[in-house]
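Trainee: My questions all concern the structure below.
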Amino acid sequence: MAVDARARLQAFGGFLTAMVIPNMGAFIAWGFITALFIPTGWLPNEAFAKLVSPMVSLLLPLLLAYAGGKLIYSTRGGIAGTIGTIGLIVGANIPMFLGAMVMGPLSAFVIKKFDRKIENNIPSGFEMLVNNFSLGIIGFILCLLANALIGPIIQEANSFLSMSIKALVNTGVLPILALVNEPAKVLFLNNVIDQGVYYPLGMQDALNTGKSIYFMMASNPGAGLGLLTAYSIFGKGNAKSTAPGAIIIHFLGGIHEMYFPFVLMKPITIIAMIAGSACGIFTFQLFDAGLVAGPSPGSIFAYLALTPKGHFFGVIAGVFVAALVSFIITAFILKMSKNGNDDELSVSILQSQSMKSEGKAVLSNITEDNNGKVENSINKVIKFVAFACDAGMGSSAMGASVMKKKLSKAGIDIHVEHFAIEKIPMDADVIVTHKNLAERAKLVVQDKPIVAIENYLADPKLNELIKKIKNQHK
Amino acid sequence: MIAKYLAGNISILDKTGSWDESIVLASQVLLDKKIIKESYVQAMIDNVNKNGSYMVIVPQIALAHAREDKGVLKTGLSLLKLNRPVMFPEEKLVSVIMVLAAKEEKNHLELMSELADIFIDDKKVKNISLSSSIEIIQEQFR
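Protein chains in written order, with my numbering: chain Z, 1 to 474; chain W, 1 to 142.
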């Protein structure tokens, strides 16, 4: 049971990663534009700066939603996810990353369920019409629902945040604030907490003493630096190779959003962020450090520029401590999860798609043990069988149709569908393909069980697979 | 539905020189009817060269096909019966070469499922691969 839960968690982590990683390029493009061209950036440019807001509030969340939807239900799911999410974005008025990562897959799931329901009931000739209108109508409903519901939710979240921050400030134990700050930042509520709470508090403070620690509560770039450095060293695949670039944009450019995807794809690293920031705040307090104004963007340069004379040591120490603590914890988390390979899996799938077929994969998991039995190698309950062939039109379609009929005769209703090899979806439980194509399939699906057959219509291994499914569904 | 697509597209030959020639010959009627382009014929041959004889879907019957974007103009199907089987790669003997040109549409599935029903029917497969009469072959697809 515990194993099952862990496997599920890993699969979920893999799902988040697969949603975020393909979009890193978009994040980086946006990060550069922002760091360079906003009024407080390195090369202020009014025209280019106009890109910043639409990209972060529309482009990035929609890309996430598309990627998430597509994982659930290929292109149709991606489109459903995008339609649903635009409702959310317009309704929320803030960059909705987390919302997109929920709404994208959710919308795809809804349309997938709907399609399954009506699958066999469409009069022939009307398929295109039904498909387009079902997506249109369901998309329209999802979009409106998201739009109507999200506004109040965000408003509630904002006022809840402001209230809890004020309450925490009153306790005087400032490091606790990291508990609220960090999750709120990753949920893109950082402007609310900075400009709504900390900056007013800071300005009041600065009027009296010439500096304030409140300016540094949520803007310390240290913890993010630590997290990204840990990813640069101990991360895997694409995440590892993207992290160094993200460091530059985040730490030197002050665009904290750059580390958000890294937290979103491995949510447990929020612990590193919280601990890092808390230690940073504690260090600032220890040295009685403060800034003279709100650093915007929160880069190391802005920090140093706004540090009053004589407080450099405290400010730098706070940033350094935050970086160190979050580095250590993130490194620990990444090390620990190294053996859990699901999330590596999805990262590597995405890589392998571009890797061409060189670097021949070892066909270790093609489902044959020494006796050539299918039985032993598939342990999971099979709910989705994907037949794959080169074109995804001929042999696989027939194979899928025959298996579907055999299963439905036995009263079993599971999802059996046919695909071109490159389009095998992530949620397939087992892949059936011709033995000559198995190697290519392996590059796409990696660890998933592959049943390699010689005949799509009547292969002994297909009968074994059917038997296996029947046993599972008794 | 298959019978409709196959009508007029069945031919019988005594033998062909090689498996790729058999695909070319089986495709001819679809080329003439502008259902596929030349490029599609080459794509099917390339496909066998690259992926082997997985298109030999049941013993004796090859269902040659390639991706829609390789030159499918319309959905169509043809059948070439050889009185003397030809050897496909991996030592597979084939006496019936069917060429499938499929447009991705919903009724594509229905078509494939009908085809599958025929191919898993041993009696029909036997009738198709042993007969040398167009009428009898046509009859099996009804």
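Just so it is clear, CB atoms sit at the ideal spot from N, CA and C, and this is done for glycine as well.
Given that a residue counts as buried once 16 or more other Cβ atoms are within 10 Å of its Cβ, and exposed if not, what is Ser-219 (chain Z)?
Mentor: Locating residue 219 (chain Z) in the first sequence gives position 219, counting from the first residue. Buried: at least 16 other Cβ atoms inside 10 Å.
Trainee: Residues of chain Z with a CB under 9 Å from the CB of Arg-142 (chain W): which are they?
Mentor: Taking the first residue of the second sequence as 1, we reach residue 142 (chain W) at position 142. Within 9 Å Cβ-Cβ: nothing; Arg-142 (chain W) doesn't reach chain Z, min ~18 Å.
Trainee: In the structure shown, what three-state DSSP assignment does Val-94 (chain W) receive?
Mentor: Numbered from its first residue, the second sequence carries residue 94 (chain W) at position 94. Strand.
Trainee: Output, in sequence order along the chain, the residues in the region 426 to 448 of chain Z whose CB is closer than 9 Å to any CB in chain W.
Mentor: Using a CB distance below 9 Å, the part of the region 426 to 448 of chain Z facing chain W consists of Thr-433, His-434, Lys-435, Asn-436, Leu-437 and Arg-440, ordered along the chain.
Trainee: Using the C-alpha atoms, what's the distance from Phe-140 (chain Z) back to Leu-407 (chain Z)?
Mentor: As a working mapping, residue 407 (chain Z) is identified with position 407 in the first sequence. As a working mapping, residue 140 (chain Z) is identified with position 140 in the first sequence. C-alpha separation (whole angstroms): 35 Å.
Trainee: Taking the alpha carbon of Val-48 (chain W) as the point to measure from, which residue in W:Thr-16, W:Leu-63 and W:Lys-34 has its own alpha carbon closest?
Mentor: What you label residue 48 (chain W) is simply residue 48 of the second sequence in a count that begins at 1. Out of W:Thr-16, W:Leu-63 and W:Lys-34, W:Leu-63 has the C-alpha closest to the C-alpha of Val-48 (chain W).
Trainee: Give the straight-line distance between the Cα atoms of Asn-410 (chain Z) and Ala-400 (chain Z), rounded to the nearest whole angstrom.
Mentor: In the first sequence, the residue the question calls residue 410 (chain Z) occupies position 410. In the first sequence, the residue the question calls residue 400 (chain Z) occupies position 400. One point to set straight first is that residue 410 (chain Z) is Ala, not Asn, in the sequence displayed. Roughly 15 Å separates the two Cα atoms.
Trainee: Can you tell me whether Pro-22 (chain Z) is buried or exposed? The criterion is at least 16 other CB atoms within 10 Å of its CB, across all chains shown.
Mentor: Indexing the first sequence from 1 puts residue 22 (chain Z) at position 22. Buried, because 16 or more other Cβ atoms sit within 10 Å of the Cβ of Pro-22 (chain Z).
Trainee: In whole angstroms, what is the alpha-carbon distance linking Ser-74 (chain Z) and Glu-422 (chain Z)?
Mentor: Here residue 74 (chain Z) refers to the residue found at position 74 of the first sequence. Here residue 422 (chain Z) refers to the residue found at position 422 of the first sequence. In this structure, the CA atom of Ser-74 (chain Z) is about 12 Å from the CA atom of Glu-422 (chain Z).
Trainee: Of the residues that make up the region 45 to 73 of chain W, which ones have a beta carbon closer than 7 Å to any beta carbon in chain Z?
Mentor: Sequence-ordered contacts of the region 45 to 73 of chain W with chain Z read Asn-47, Asn-51, Gly-52, Tyr-54, Met-55, Ile-57, Val-58, Leu-63, His-65, Ala-66, Arg-67 and Glu-68 [C-beta pairs closer than 7 Å].
Trainee: Going by the DSSP bridge assignment, what does Phe-88 (chain W) pair with across the sheet?
Mentor: Counted from its first residue, the second sequence places residue 88 (chain W) at position 88. W:Lys-92, per the DSSP bridge assignment.
Trainee: Count the other CB atoms within 10 Å of the CB of Thr-307 (chain Z); is the residue buried (16 or more) or exposed (fewer)?
Mentor: Counting from one through the first sequence, the residue named residue 307 (chain Z) turns up at place 307. Result: buried.
Trainee: At least one CB of chain W closer than 8 Å to the CB of Leu-465 (chain Z): is that the case?
Mentor: For the purposes of this step, residue 465 (chain Z) is identified with residue 465 of the first sequence, where counting begins at 1. So, not an interface residue.
Trainee: To which residues of the same chain is Lys-166 (chain Z) closer than 8 Å at the C-beta, ignoring the five residues directly before and after it?
Mentor: Against the first sequence, residue 166 (chain Z) aligns to sequence position 166. Val-197, listed in sequence order.
Trainee: Any beta carbon from chain W within less than 8 Å of Leu-135 (chain Z)'s own beta carbon?
Mentor: On the first sequence, residue 135 (chain Z) is found 135 positions in, with the first residue counted as 1. Not one chain W Cβ lies under 8 Å of Leu-135 (chain Z).
Trainee: In the DSSP assignment, the alpha helix (DSSP H) including Phe-384 (chain Z) goes from what residue to what residue?
Mentor: In the first sequence, counting from the first residue as 1, residue 384 (chain Z) sits at position 384. Looking at the DSSP string, Phe-384 (chain Z) is not in any alpha helix (DSSP H); the run it does join, the beta strand (DSSP E), is 384 to 389.
Trainee: How many Å lie between Ala-428 (chain Z) and Lys-383 (chain Z) at the Cα?
Mentor: Mapped onto the first sequence, residue 428 (chain Z) falls at position 428. Mapped onto the first sequence, residue 383 (chain Z) falls at position 383. Rounded to whole angstroms, Ala-428 (chain Z) to Lys-383 (chain Z) spans 8 Å at the Cα level.
Trainee: Specify the secondary structure class of Ala-417 (chain Z) as computed by DSSP and reduced to three states.
Mentor: Your numbering for residue 417 (chain Z) matches position 417 in the first sequence. Looking at the sequence itself, residue 417 (chain Z) is Glu, so the reference to Ala does not match. In this structure, Glu-417 (chain Z) counts as strand in the three-state DSSP scheme.
Trainee: Three Cβ pairs or more, each shorter than 8 Å: is that satisfied between the region 6 to 19 of chain W and the region 69 to 87 of chain W?
Mentor: yes
Trainee: Mind checking whether Phe-141 (chain W) and Ile-120 (chain W) have CB atoms under 8 Å apart?
Mentor: Reading the second sequence from its first residue, position 141 is the one you call residue 141 (chain W). Reading the second sequence from its first residue, position 120 is the one you call residue 120 (chain W). It is not a contact, given that the beta carbons lie outside the stated cut-off.
Trainee: Would the beta-carbon of Leu-227 (chain Z) be found less than 7 Å away from any heavy atom of the ligand SAM?
Mentor: Inclusion of the ligand SAM in the displayed structure is not the case, the ligand content being empty and no account of it being possible.
Trainee: Helix, strand or coil for Gln-446 (chain Z)? Go by DSSP, reduced to three states.
Mentor: Counted from its first residue, the first sequence places residue 446 (chain Z) at position 446. Of the three classes helix, strand and coil, the one that applies to Gln-446 (chain Z) here is coil, per DSSP.
Trainee: So the candidates are W:Glu-91, W:Glu-110 and W:Tyr-40; which of them puts its Cα closest to the Cα of Val-99 (chain W)?
Mentor: Stepping through the second sequence from its first residue, residue 99 (chain W) is reached at position 99. The shortest C-alpha separation from Val-99 (chain W) is found at W:Tyr-40.
Trainee: Below 9 Å on C-beta distance, what does Met-87 (chain W) contact in chain Z?
Mentor: Along the second sequence, one-based indexing puts residue 87 (chain W) at 87. Chain Z residues near Met-87 (chain W): none, gap ~17 Å exceeds 9 Å.
Trainee: With a cut-off of 8 Å on the beta carbons, I'd call Val-56 (chain Z) and Glu-182 (chain Z) a contact; round off their distance for me.
Mentor: Position 56 of the first sequence, counted from the first residue, corresponds to residue 56 (chain Z). Position 182 of the first sequence, counted from the first residue, corresponds to residue 182 (chain Z). No, Val-56 (chain Z) and Glu-182 (chain Z) are not in contact; Cβ-Cβ is about 19 Å, not under 8 Å.
Trainee: Within a Cβ cutoff of 8 Å, which residues of the same chain sit near Gln-285 (chain Z), ignoring the five residues on either side of it in sequence?
Mentor: Within the first sequence, the letter at position 285 stands for residue 285 (chain Z). Correct list, in chain order: Leu-174, Pro-175 and Ile-213.
Trainee: Give a yes or no on whether 8 Å exceeds the smallest Cβ distance from Tyr-456 (chain Z) to chain W.
Mentor: Within the first sequence, numbered from 1, the residue matching residue 456 (chain Z) stands at position 456. For Tyr-456 (chain Z), the answer is yes, since a Cβ of chain W falls inside 8 Å of its Cβ.
Trainee: Out of Z:Thr-17, Z:Lys-468, Z:Gln-472 and Z:Ala-26, state which residue places its alpha-carbon closest to the alpha-carbon of Ala-246 (chain Z).
Mentor: Locating residue 246 (chain Z) in the first sequence gives position 246, where the first residue counts as 1. Ala-246 (chain Z) has its Cα closest to that of Z:Ala-26, out of Z:Thr-17, Z:Lys-468, Z:Gln-472 and Z:Ala-26.
Trainee: Which residues mark the beginning and the end of the alpha helix (DSSP H) in which Gln-285 (chain Z) is found?
Mentor: If you number the first sequence from 1, residue 285 (chain Z) lands on position 285. 270 to 286 is the span of the alpha helix (DSSP H), which, as asked, contains Gln-285 (chain Z).
Trainee: Under 8 Å between C-beta atoms, does Ser-354 (chain Z) make it to chain W?
Mentor: Sequence index remark: in the first sequence, residue 354 (chain Z) carries index 354 (1-based). Bear in mind that a pLDDT of 32 at Ser-354 (chain Z), under 50, signals an unreliable position, so the number given afterwards is only what the model happens to contain. Answer no: the Cβ-Cβ gap between Ser-354 (chain Z) and chain W never drops below 8 Å.
Trainee: Between the C-alpha atoms of Phe-251 (chain Z) and Pro-39 (chain Z), what's the straight-line distance to the nearest angstrom?
Mentor: Start at 1 with the first residue of the first sequence, and residue 251 (chain Z) comes out as number 251. Start at 1 with the first residue of the first sequence, and residue 39 (chain Z) comes out as number 39. So the alpha carbons of these two residues sit roughly 18 Å apart.
Trainee: Based on DSSP bridge pairs, tell me the residues matched to Leu-12 (chain W).
Mentor: Here residue 12 (chain W) is taken as the residue at index 12 of the second sequence, counted from 1. According to the sequence displayed, residue 12 (chain W) carries Ile and not Leu. Bridge partners of Ile-12 (chain W): W:Lys-81.
Trainee: According to DSSP, Leu-100 (chain W) sits in a beta bridge with which residue or residues?
Mentor: The count along the second sequence starts at 1 and reaches residue 100 (chain W) at position 100. Bridge partners of Leu-100 (chain W) according to DSSP: W:Leu-77.
Trainee: Quick one: what does DSSP say Ser-552 (chain Z) is sitting in, helix, strand or coil?
Mentor: Nothing about residue 552 (chain Z) can be read from this structure; chain Z reaches only from 1 to 474.
Trainee: Straight-line CA distance for Leu-291 (chain Z) to Tyr-199 (chain Z)?
Mentor: For the purposes of this step, residue 291 (chain Z) is taken as the residue at position 291 of the first sequence. For the purposes of this step, residue 199 (chain Z) is taken as the residue at position 199 of the first sequence. Cα to Cα, Leu-291 (chain Z) sits roughly 11 Å from Tyr-199 (chain Z).
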